[in-house]
Every structure is written in C-alpha cells, then in structure tokens.
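Numbering-wise (the numbering used here), the sequence shown opens with residue 22 and increments by one.
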Amino acid sequence: MLLKSKPNWELPESAATSESVFQDRRRLVKAMGLAPIVAAGAALPNTAAAATADPSAKFYPAARNLRYRLDRPLSAEKDATTYNNFYEFGSHKYISKDAQALKTRPWTVTFDGMVEKKITVDIDTLISKMQLEERLYRFRCVEAWSMALPWTGFPMADLVKFARPLKGAKFVMMETFHDAAMAKGQKQFWYPWPYREGLSLEEATNELTLIGTGAYGKPMVKQMGAPLRLVVPWKYGFKSIKSIVRFSFTDKRPVSFWEKVQGKEYGFWANVNPDVPHARWSQATERVLGGKGKRVKTLLYNGYGDQVAGLYKDINGENIFF
Ligand code: MTE
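1) Do Trp128 and Ile140 have their C-beta atoms within less than 9 Å of each other?
2) Indicate whether Leu348 and Ala247 have their beta-carbon atoms separated by less than 9 Å.
3) Below 8 Å on the Cβ atoms is my guess for Ala178 versus Met135; work out the distance and round it to an integer in Å.
4) Which runs of the beta strand (DSSP E) fall wholly inside the stretch 217-257 and span at least 3 residues, in chain order?
5) Cβ of Asn323 within 9 Å of Cβ of Trp255?
6) By alpha-carbon positions, which one of Phe210, Arg301 and Phe175 ends up nearest to Val253?
7) For Met195 and Ser112, what's the separation of their Cα atoms in angstroms?
8) Nearer than 8 Å: is that true of the beta carbon of Ile262 relative to any heavy atom of the ligand MTE?
9) With DSSP as the reference, label Ala169 as helix, strand or coil.
10) On the DSSP bridge list, what partners appear for Leu180?
11) In the DSSP assignment, the beta strand (DSSP E) including Thr131 goes from what residue to what residue?
12) Arg48 to Arg88, Cα distance in whole Å?
13) I'd like the ranges of any alpha helix (DSSP H) spanning at least 4 consecutive residues and lying wholly in the stretch 287-330.
14) Give the secondary structure of Ile140 by DSSP, where H, G and I count as helix, E and B as strand, and everything else as coil.
15) Is the beta carbon of Glu109 within less than 8 Å of some heavy atom of the ligand MTE?
16) In terms of alpha-carbon separation, which member of Trp211, Gly219, Ala202 and Thr173 lies closest to Gly238?
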C-alpha cells in the first residue's frame, strides 16, 4: 500500500501564523530594539540527486528567518518544480524536463555599468561570500495563479554592496544567459533575448528583495532559475528573472523583456494590485496552485505593503500596478 507522508516543510493552515499576528510580533520586536530573529530551519528533505552534485549543496538547509511568515500553507514542491514559466525552454508551463539542459557550472556573474570597477565572479565564490537564509514568501503570477514558497538566498542589498555602484546609479538591469544551442526557446527569434529585468536601486535594496539560490532547503533546481534568480514577492512573477549572469548599474530605467514584447500589458513596475485589472483579465483573485481550483482574494502589494508602499510615494502620473 502506498502511504503519502507529508513533508515537514508543508505547514497545515492552522500552523501558519496569520500575517496580522505576525506583523504585531514584528512591531513588538522592533519596539524592544531586538535583532531580527533567525532560527534554525526545520530539517528539510534533500532528495534531488542533482542538488547533491551542486558545489553549493553544503550550505543547505539554511537557517529560516522568522521575520518572514506566511498566512497560508506552502505549495507542494512538486507543483513548484513542474509548473513553470521559463521561456528559454519553451513558451508553456511544462518545461521542467527540457530545462535540465541548462548547464549551471561553470557559471560567472558580471557586475558592470556604473560601478567603481567591473567585476566578474564565479558563482560559488559569490555564494560563499553571502549569508544564506530561508524565507517563506507568497508568489503571485500576472496570469492570476499563485504559490507560497520557501526560498533560500541572501538580501539583494548585500549584492549591491558587493558590486559597489557609483553615486549616480539609480537602477539595476539584470540579464539571463543567452545560448540558443543550450536553450531551444531562444531560437524563437521574435522574443527580445536575452531575458532582462530591472529594479530601481531603492527596490533592489529593500529588505524584502532576495537573490534566490535555492528553494525547499536545496540549491535551486534548473527549471526554477538555477543558480541565481531574483525574488520580489510584491511584484508580479515576471519580474523575478531567472538564471542571472549580469547585473548592470545605470542611471536610465531599463526596458524589461515583457515590456519590450507588449509594453501596454506588462509594465516596468508591475506591483500587485487586485483593483487594477490586466488589459485582458481581472487581478481581483488568484488560483492557488495545487489548491484544486480554489481561488483566494489577491492582496495589495501581494500583502507586503508595509514594507514597500513607501517606495512609490513620489511616483506620480504613472501606473505602478501593471
Ligand atoms: N526568467 C527568465 N529568464 N525567463 C522566463 O521566461 N519567466 C518569468 C519569471 N522569470 C521567466 C523568468 C515568469 S513569467 C514567471 S511567472 C516566473 O519566472 C515563474 O517562476 P517559476 O517558474 O519558478 O514559478
């Protein structure tokens, strides 16, 4: 008889702290002047053979940062790793097998543009310089489906410090690899490869912005954007660029991949807002992946308004919610 055992990272609804209770605790901790709570993460399953071959596997599982809690159960790892958007490997959701063609070592990351000095660094050297932690975040795709994920990574603020941008830099442009022999989707010449995304420097250094190196207590699987991806939980999922090879600092706002493809539907800011519909569908609710078609109400800034709403107070005359 086949018994389905529940992985220990999958929280029952009753065990997940409600966001308001959690925020109250945060305020209390802040008021008491205490340092952020970082507790040892639960022992996480480490089953993927690919993960054990990864030179960074020794850093997993990383300690969970308890400042970041969820109001809903985590998505099943199987859903997160078999329903993906990664157009480099095909313009549909079932690219997980094809994405195994992605070669993640050797892998270098370049920091250029408005920086004190251009740097190119090997991925394992970069990861070894950063303090990895686990955070539980909601994830909301512009296509109105959602997940809740246990990311591992480090604050992008630390990456920006490492890059040493010049004073005049205002934005950071991020770029995915470009190799059509490895990633067949890049043969679709009508897309503006390589995939690019951008953030303002205030967004990049916001406490929520994470550079993801792993998920589910293991190094990032290829289909989720190994070895390095962006995690910005208050924005629609297309901002979370995968498999990054370059961070370029600039004083001009970069044009993102989807903005180039269809700028009227996919903007630069792409902040989640249930009251601002996409050009072709409502954003009021979302389909929870693995939730048997269950829909829940979408939250303004995906529930992260306390941390990020202030970033946009001086932006006038522009729609920041698409
Ligand atoms: N990054 C690259 N390089 N290529 C992509 O096609 N798709 C984006 C984003 N990052 C994409 C990408 C979109 S549309 C979404 S919704 C998320 O990745 C999906 O992340 P997931 O597959 O881990 O759920």
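We treat Cβ as the ideally placed atom computed from N, Cα and C, and that holds for glycine.
This is what the structure gives:
1) no
2) As displayed, the chain neither begins before 22 nor continues past 343, which places residue 348 out of reach and without an answer.
3) No, Ala178 and Met135 are not in contact; Cβ-Cβ is about 17 Å, not under 8 Å.
4) 217-221, 231-236 and 250-252
5) One thing to note: Asn323 has its Cβ within 9 Å of the Cβ of Trp255.
6) Phe175
7) If you take the alpha carbons of Met195 and Ser112, they lie about 21 Å apart.
8) Yes; taking the cut-off as 8 Å, the Cβ of Ile262 has a heavy atom of the ligand MTE nearer than that.
9) strand
10) Paired residue(s): none; Leu180 is not in a bridge.
11) Thr129 to Gly134
12) Its pLDDT being 41, under 50, Arg48 is placed unreliably by the model, and the measurement read from it follows with that caveat. Arg48 and Arg88: Cα-Cα distance of roughly 11 Å.
13) 326-329
14) strand
15) yes
16) Thr173
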